[in-house]
Amino acid sequence: MGGLLTETFIASLLFGAVTVGIPLLLAGLGEQISEKAGVLNIGIEGMMLMGAYGGFVAAYYSESFWLGFLAGGVSGMAVAALMVLFCVLLGMNQIVIGIALTIGAEGLTALLHHFQFSRSYPRLSEVPTLDIAGLSDIPVIGPALFERHPLVYLAIVLVVAIAWLFRRSHIGLNLQAAGDHPAALDAAGIDVKLTRSLAVLATGLLAGIGGAFMADVGAGLFVPFMTHGAGFIAIVLAMLARGKPLWVLLGAALFGASLALTTALQVAGLNIPTDIVQMLPFAMVIVVLVLFARHSYLPPALGLPYHRGER
Amino acid sequence: MIFSTLRVVVPIVLALVAGGLILLALGKDPLAYYDFVVQRGLLSWSGLQQTIIRSAPLLLIAAGLIVAFRAGIWNLGVDGQFLLAAVASAALAPLLIAALPSWLTIVICCAVSVLVAMSWSLVPAFLKTQYGLNEIITTLMMTFLGISFANVLIKLPFNDPDNTVPQTMTLPVADRLGRLFDTTIHGGIIIALVAVLITHFVMTRTAFGLRLQIVGANPRAAKHAGLNVGRLTYATFALSAGLAGLGGAVEILGVWGTMRADWNPAYGLLVVPLVFLARFNGIAVIALTLFFAILMIGGESASRRLGVPNFYVLVLVALLLIFLALVEYLDHLSRRRKKA
Numbered sequence: 001m002g003g004l005l006t007e008t009f010i011a012s013l014l015f016g017a018v019t020v021g022i023p024l025l026l027a028g029l030g031e032q033i034s035e036k037a038g039v040l041n042i043g044i045e046g047m048m049l050m051g052a053y054g055g056f057v058a059a060y061y062s063e064s065f066w067l068g069f070l071a072g073g074v075s076g077m078a079v080a081a082l083m084v085l086f087c088v089l090l091g092m093n094q095i096v097i098g099i100a101l102t103i104g105a106e107g108l109t110a111l112l113h114h115f116q117f118s119r120s121y122p123r124l125s126e127v128p129t130l131d132i133a134g135l136s137d138i139p140v141i142g143p144a145l146f147e148r149h150p151l152v153y154l155a156i157v158l159v160v161a162i163a164w165l166f167r168r169s170h171i172g173l174n175l176q177a178a179g180d181h182p183a184a185l186d187a188a189g190i191d192v193k194l195t196r197s198l199a200v201l202a203t204g205l206l207a208g209i210g211g212a213f214m215a216d217v218g219a220g221l222f223v224p225f226m227t228h229g230a231g232f233i234a235i236v237l238a239m240l241a242r243g244k245p246l247w248v249l250l251g252a253a254l255f256g257a258s259l260a261l262t263t264a265l266q267v268a269g270l271n272i273p274t275d276i277v278q279m280l281p282f283a284m285v286i287v288v289l290v291l292f293a294r295h296s297y298l299p300p301a302l303g304l305p306y307h308r309g310e311r
Numbered sequence: 312m313i314f315s316t317l318r319v320v321v322p323i324v325l326a327l328v329a330g331g332l333i334l335l336a337l338g339k340d341p342l343a344y345y346d347f348v349v350q351r352g353l354l355s356w357s358g359l360q361q362t363i364i365r366s367a368p369l370l371l372i373a374a375g376l377i378v379a380f381r382a383g384i385w386n387l388g389v390d391g392q393f394l395l396a397a398v399a400s401a402a403l404a405p406l407l408i409a410a411l412p413s414w415l416t417i418v419i420c421c422a423v424s425v426l427v428a429m430s431w432s433l434v435p436a437f438l439k440t441q442y443g444l445n446e447i448i449t450t451l452m453m454t455f456l457g458i459s460f461a462n463v464l465i466k467l468p469f470n471d472p473d474n475t476v477p478q479t480m481t482l483p484v485a486d487r488l489g490r491l492f493d494t495t496i497h498g499g500i501i502i503a504l505v506a507v508l509i510t511h512f513v514m515t516r517t518a519f520g521l522r523l524q525i526v527g528a529n530p531r532a533a534k535h536a537g538l539n540v541g542r543l544t545y546a547t548f549a550l551s552a553g554l555a556g557l558g559g560a561v562e563i564l565g566v567w568g569t570m571r572a573d574w575n576p577a578y579g580l581l582v583v584p585l586v587f588l589a590r591f592n593g594i595a596v597i598a599l600t601l602f603f604a605i606l607m608i609g610g611e612s613a614s615r616r617l618g619v620p621n622f623y624v625l626v627l628v629a630l631l632l633i634f635l636a637l638v639e640y641l642d643h644l645s646r647r648r649k650k651a
């Protein structure tokens, strides 16, 4: 146990927490936007997975991480567009469609990967980083937090931006009304379906970029089913954050750390079976839910389609 | 009758056509694929037997989902419940068989598996009744937890030391669930069919089933009607998980006799669309499960011979769900228009 608190262990835990936490953060923020507007987005796992595949393929062929993230975002949005069509515009069951999109993305990405790469799993080149002058020289914390791909810093900035958007802007107010009391928003002359559509598309964009980050930066390759429940964890994060982006950040860091523990323990030379460590994040979700469930909040109109004039 | 049959057949046909177009885009001949699937899954004797064997766990999971969905509970954690129940049977059966006759071993294993699956569903049931927490998320989380937990159990306490691959000890073939006549089909299919029929009867023809359906249709009204919604919710979770758990037991005691680490057939989410397509009707579920088992067995054969990986079945399931929802939606529209 002596090696547990060494510098290498803490450094690899922090580094891993950021790597794993960023996709959770992006997807969690995305889910928060959807939920705020009244759309329960079970399909987010599928959006992340499609983003991971699109992001990987684009980065692999273009050798540009930025193009990879762009493609990932677009792929996530493509899945989200289906969600918009079926659930927001036509008002079909959000849960059935959400499951369908997740299963469909699982099958489709695995199929596409098979036909494109057969059984090989090519890797991307090393991740380019942007060192923040001064801070990146701090031991342990520096390499983990301040020598990362610029998208990491952007994601943090995004937390503040979305928090501002929710609290201070008309857009945030409209989103909230679409989830809390869609009829009131409609009466105020704002298109509920349009508001919700844009919210779901934004979710797809963020979840897709999150998936792309997972494949391109986190793993450096694409493996079928690689999101392994990250999208569902993002839903839990959004649920417990009660509409506050800062809490999503905190949750993502916490779950990121618990997911990163596997590799960190191995680096520290401690050999706990990976299966036990893999249980950790999900066990934590359950424990957190048991302890804090009464504090979770979901908007009243969540999951219900809006049709003008219907009660 | 014709209309309701159409509502089942149209989504299936649309999904097969749309899936075929995807195959075409990937450079495969969809007609050859479907032809191969039917040949291998239905028209060859060994394929047909495998199809029927595969139907047993699918039917039991479907029965569990019928209970849950009729009671308005989204138990999407059947995979975790199925797996842990399978571990229980796989670990217990080789030990019991040393002291007990095989029929008693099988009965005890099934009972323990059902109890294990039931207790795995306690947490989501508690969170739902106590805090009104959405069970979709909690049951899914319990499945991810259960997949890893099953592996831990197989690799550590229940590992067979005489085997290099991590797996439980093996139940001898002679002591597994009895075969039917001269076939390779084990008796699990009978258990499954009986379970589905009983489930259907209980849900549609008894006071208890009606109570569950009232809770499903409108929990608030159920409360005002004096029903103990909390207790009924626990009952729903327990029955639903128990049936899925029985599926796990039957698969181990009938087919494998042992459980390997990382074995996770993940039938649960694949059965969901079938149950929807059948409109929670047990009789319709039987027909649809058979159809789906043909697709799975034929598809597994096709993945080896035609180079179309079995992931294609996932795509088909997703398409099926989407077209199902679409048909439902159009139906809803036309009915509303008729009213107006």
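Order-wise, the sequence lines are chains Y and X.
Residue 283 in the numbering used here sits at position 283 of the first sequence, with consecutive numbering throughout.
To convert a position in the second sequence, counted from 1, into the numbering used here, add 311.
Positions of the beta carbon are idealized from the N, C-alpha and C atoms, including for glycine.
Since the structure is predicted, the reported quantities are computational estimates derived from the model, not experimental observations.
When 7 angstroms is used as the limit between beta carbons, Y/Arg-294 is near these residues of chain X: Tyr-442, in chain order.
Less than 8 angstroms divides the Cβ of Y/Gly-73 from the Cβ of Y/Gly-51. Going by DSSP, X/Ile-525 is part of the alpha helix (DSSP H) stretching over 518-528. Nearest C-alpha to X/Thr-416 among X/Ala-428, X/Ala-401 and X/Met-429: X/Ala-401. Taking X/Gly-553 as the centre and dropping the five residues before and after it, the same chain places the C-beta of Val-425, Ala-428 and Met-429 closer than 6 angstroms to its C-beta, in chain order.
Cβ contact annotation for X/Ile-447 (same chain, cutoff 8 angstroms, sequence separation greater than five): Trp-385 and Leu-387, in chain order. X/Trp-385 belongs to the set of residues whose beta carbon lies under 8 angstroms from a beta carbon in chain Y. Proximity of the region 48-62 of chain Y to the region 95-112 of chain Y meets the contact definition, three or more beta-carbon pairs being nearer than 8 angstroms. By the Cβ-count criterion, X/Ile-372 is buried, with 16 or more other Cβ atoms from all chains shown falling within 10 Å of its own Cβ. About 6 angstroms separates the Cβ atoms of X/Ile-363 and X/Ile-500, confirming a contact at the 8 angstroms cut-off.
For the region 522-539 of chain X, the set of positions with a beta-carbon nearer than 7 angstroms to some beta-carbon of chain Y is empty.
For Y/Ile-235, the closest C-alpha among the options Y/Gly-30, Y/Leu-14, Y/Ala-17 and Y/Gly-16 is that of Y/Gly-30. Among the residues facing chain X, Y/Val-200 is not included, as its CB has no counterpart in that chain under 8 angstroms away.
Following the DSSP letters along the chain, one finds X/Pro-435 inside the alpha helix (DSSP H) bounded by residues 433-442. Among the residues of chain X, none has a CB under 7 angstroms from the CB of Y/Met-50; the nearest is roughly 12 angstroms distant. With a threshold of 8 angstroms between beta carbons, Y/Asn-271 makes no contact with chain X. Runs of the alpha helix (DSSP H) spanning 4 or more residues and lying entirely within the region 35-103 of chain Y occur at 44-62 and 65-83, in chain order. For the C-beta of Y/Ile-276, the chain X residues within less than 8 angstroms are, from N- to C-terminus, Ser-459 and Val-463.
Contact annotation for X/Lys-466 against chain Y: Pro-273 and Asp-275 [CB-CB distance below 7 angstroms, chain order]. Fewer than three beta-carbon pairs drawn from the region 408-423 of chain X and the region 352-370 of chain X are found closer than 8 angstroms, and the two stretches are therefore not classed as touching. Excluding five sequence positions before and after Y/Ala-11, the CB atoms of its chain that fall closer than 7 angstroms to its own CB belong to Val-140, Pro-143 and Ala-144, given in chain order. Within chain X, Leu-580, Leu-625, Val-628 and Ala-629 have C-beta atoms less than 7 angstroms from the C-beta of Y/Ile-103, given in sequence order.
At a cut-off of 8 angstroms, the C-beta of Y/Asn-93 has a neighbouring C-beta in chain X.
When the alpha-carbon of X/Pro-477 is set against those of X/Lys-534, X/Ile-465, X/Leu-488 and X/Pro-483, the nearest one is in X/Ile-465. Closest by C-alpha distance to Y/Trp-66, out of Y/Glu-35, Y/Ile-209 and Y/Ile-190, is Y/Ile-209. Using a CB distance cut-off of 8 angstroms, X/Pro-412 does not count as an interface residue toward chain Y. Within the region 105-125 of chain Y, contact with chain X at the beta-carbon level (separation under 7 angstroms) is assigned to Glu-106, Gly-107, Leu-108, Ala-110, Leu-111, His-114 and Phe-115. For X/Tyr-640, the enclosing alpha helix (DSSP H) starts and ends at 622-650. The C-alpha of Y/Ala-268 lies about 25 angstroms from the C-alpha of Y/Met-226. Look at X/Leu-550: its C-beta is not under 8 angstroms from any C-beta on chain Y. Counting only runs of at least 4 residues, the region 364-447 of chain X fully encloses the following alpha helix (DSSP H) elements, listed from N- to C-terminal order: 389-407, 413-431 and 433-442. Under the three-state reduction of DSSP, Y/Leu-302 is assigned to coil, being neither helix nor strand. Only those residues of the region 341-356 of chain X whose C-beta falls short of 8 angstroms from the nearest C-beta of chain Y would be listed, and there are none.
By the CB criterion at 8 angstroms, Y/Gly-256 and Y/Val-20 fall inside the cutoff. Inter-segment contact for the region 159-167 of chain Y and the region 178-188 of chain Y is absent: fewer than three beta-carbon pairs are separated by less than 8 angstroms. In this structure, the beta-carbon distance from X/Leu-630 to X/Ala-436 does not fall below 8 angstroms.
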